[in-house]
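Numbered according to this note's numbering, the sequence shown spans residues 29 to 212.
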Amino acid sequence: MSYEEPRSHGEQRMAFIEAAKENRLDYVRAHKAADAGQRDADGKTALMWAAEAGHTAVALELVDAEAGLVSNDGSFALIAAAKRGNLELIQALFEKEGRLRDAGKLSALNHASRAKQFEAAKVLRLKTIETMDAAMLEQLRQRVAATYTEMAKKSQQAEVKSHNMAIFRSFFEAFYSLSCSGID
């Protein structure tokens, strides 16, 4: 595909975003200093588009410049990476976007689970736990214990959905592995 240099600043901005959509790593590298952080009409950045399209190399190139930015609808690049199960990009984005929530108050973990990207959800859970301080870990332990107790009661009355049990087991395993590793 031949690519014509844009004539105006608006065309240049769209050219940068289009290059990210089209997985044009050389163009993105050449224009990143001038055009990173630019947004389309929906407030989406080149990083968001690259993450949605699964263009990992382009997305990784843009992490330092655009991670942490949120679109008009409240989405961000980590959500796209989580929905696609892109573990490499999740690792790169987590530090800047791991605590963000979309307009519906959903995290990237919620989106990964909904998209049935269970390995991505596991990575996001573990990374979230790794960033917790002692007080937050204690709150999590108490919530897990309360959830387990309630689920045990409900299991006597009706069958507990396997997905909910899988999520609980994952949190329990992560918490157990952290407590066994001697992390305070």
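Backbone N, C-alpha and C define an ideal beta-carbon position, used for all residues, glycine too.
Values in this document were obtained by computation on a predicted structure and should not be read as measured data.
Worksheet entry | DSSP three-state assignment for Ala-69, whether helix, strand or coil | coil
Fill in: Rounded separation between Arg-35 and Leu-53 - CA only
Low confidence applies to Arg-35: its pLDDT is 45, below 50, so where it sits in the model is not reliable, and the reading given next is rough at best. Computed Cα separation, rounded: 21 Å.
Discussion item. Using a Cβ distance threshold of 8 Å, determine whether the region 165-178 contacts the region 132-147, with at least three qualifying pairs required.
Written reply: no
Worksheet item: Going by C-alpha distance, which of Ile-107, Asp-101 and Glu-166 is nearest Arg-142?
Response: Ile-107
Worksheet entry | Rounded Cβ spacing between Thr-84 and Leu-117 (contact assumed at less than 8 Å) | 6 Å
Item to complete: Grab the span of the alpha helix (DSSP H) containing Glu-123 for me, first residue to last.
Response: 115-125
Worksheet item: Would DSSP call Ser-103 helix, strand or coil?
Response: coil
Item to complete: Report yes if the C-beta distance between Lys-150 and Phe-122 is below 7 Å; otherwise report no.
Response: no
Worksheet item: By DSSP, does Leu-97 sit in helix, in strand, or in coil?
Response: coil
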